[in-house]
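In UniProt numbering, the protein residues as written are 1 to 286. By construction, the Cβ of each residue, glycine as well, lies at the ideal position given by its N, Cα and C atoms. Structure first, then comments.
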């Protein structure tokens, strides 16, 4: 039996496999980063299940369970690709949270303050982009599919992870997008671009959003592009209570993923418990 040893050739081959599978750039980058991390840990030792178990224990000293499981999932897929099925390892069992941490929940009022802060800072592009992301539920990397032609059609086709879905523009969003295009003489192609005409980089959008925090008086921990997508999901679900349709709009293959997006904060859950009216001992009139 050949010795199982990770090397750069195997990693490159697997990366090419992920590219052939049309995985997103973010997914490929993350998987390869996780495999490289284990490669450094293994340090030319033979890959065995015992070694992977030790690595799992090492990760538990520094990372949260969700992060550990994400890294192990990447490794397991790498092992499966190479036929090392006996090296695959179980992920940590995590009890599902039923509520979202308040420190990470972006409220509708806070979102409005961010939008107003962008306008106050005269950052018109960010002012429009925030509303485009939040009112459609797209991933920040998908903003490049909001084009002049899509605006004319009234909907955009989003290509991601080997799937295609359609997102529609509300009348209000269409109005501000048309106004933005007219003012900035954008006649074709992607709407949110740099001066050189390239789609905005996700990291720059992230940074620009963080720069709004002080003016908006919103905690920095709540301000990142994906939270706009989460706010869209919560708002839509509270309005329609249709999780299957929401999964389609978000581009999720599993409704279990969508349920994570619809979680309310612990404060909201406490309010529900108060409304249940099942405790009487401290009342004057029992």
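- Range of the contiguous beta strand (DSSP E) that encloses residue 160: 155-160
- Task: Note down, in chain order, each residue of its chain lying with its Cβ closer than 6 Å to the Cβ of residue 139, except the 5 sequence neighbours on either side.
- Result: none
- Do you know how far the Cα of residue 7 is from the Cα of residue 33? 14 Å
- Any idea if residue 60 is buried or exposed, counting beta-carbon neighbours within 10 angstroms, 16 or more meaning buried? exposed
- Nearest residue (CA-CA) to residue 116, options 45, 216 and 133: Distances from the CA of residue 116 to each of 45, 216 and 133 were compared; the closest alpha carbon is that of 216.
- Query: Buried or exposed: which applies to residue 189, given that a residue is buried once 16 or more other Cβ atoms fall within 10 Å of its Cβ?
  - Reply: exposed
- Item | Opening and closing residue of the alpha helix (DSSP H) in which residue 125 lies | Looking at the DSSP string, the run of the alpha helix (DSSP H) that includes residue 125 is 124-136.
- Message: Quick check on this structure: which residue in 63, 107, 137 and 11 has the alpha carbon closest to the alpha carbon of residue 226?
- Response: 137
- Exposed or buried, what is residue 52 when buried is set at 16 or more other beta-carbons lying within 10 Å of its beta-carbon? By the beta-carbon neighbour count (other beta carbons within 10 angstroms, threshold 16), residue 52 is buried.
- Task: Could you tell me whether the stretch 177-197 touches the stretch 68-85, where touching means 3 or more Cβ pairs closer than 8 Å?
- Result: no
- Item | Which listed residue (245, 91, 131 and 72) has its alpha carbon closest to that of residue 108 | 131
- Cα-Cα, which of 4, 127, 259 and 26 is closest to residue 242? Closest option to residue 242, Cα to Cα, is 259.
- Please check if any C-beta of chain C sits within less than 8 Å of the C-beta of residue 105. Of the chains in the structure shown, none is chain C; there is only one protein chain.
- Find out if the Cβ-Cβ distance for the pair residue 228, residue 134 is shorter than 8 Å. yes
- Query: Between residue 250 and residue 219, what straight-line distance do the alpha-carbon atoms span, to the nearest angstrom?
  - Reply: 26 Å
- Query: Can the beta-carbon of residue 212 be found closer than 8 Å to that of residue 73?
  - Reply: no
- Identify, in the order they occur along the chain, each residue of the same chain with its Cβ nearer than 7 Å to the Cβ of residue 193, setting aside the five sequence neighbours on each side. 199 and 200
- Item | Residue from 151, 156, 28 and 152 whose Cα sits closest to the Cα of residue 142 | Its Cα nearest to that of residue 142, the residue 156 stands out among 151, 156, 28 and 152.
- Counting only runs of 4+ residues fully inside the stretch 135-204, write out the alpha helix (DSSP H) ranges in chain order. 148-153 and 171-183
- Message: Taking the alpha-carbon of residue 153 as reference, which of 177, 162 and 160 has the nearest alpha-carbon?
- Response: The residue from 177, 162 and 160 with its alpha-carbon nearest to that of residue 153 is 177.
- Item | Simplified DSSP assignment, three categories, for residue 226 | helix
- Query: Near residue 90, what residues of its chain come up, given a Cβ to Cβ distance below 6 Å and the 5 sequence neighbours on each side ignored?
  - Reply: none
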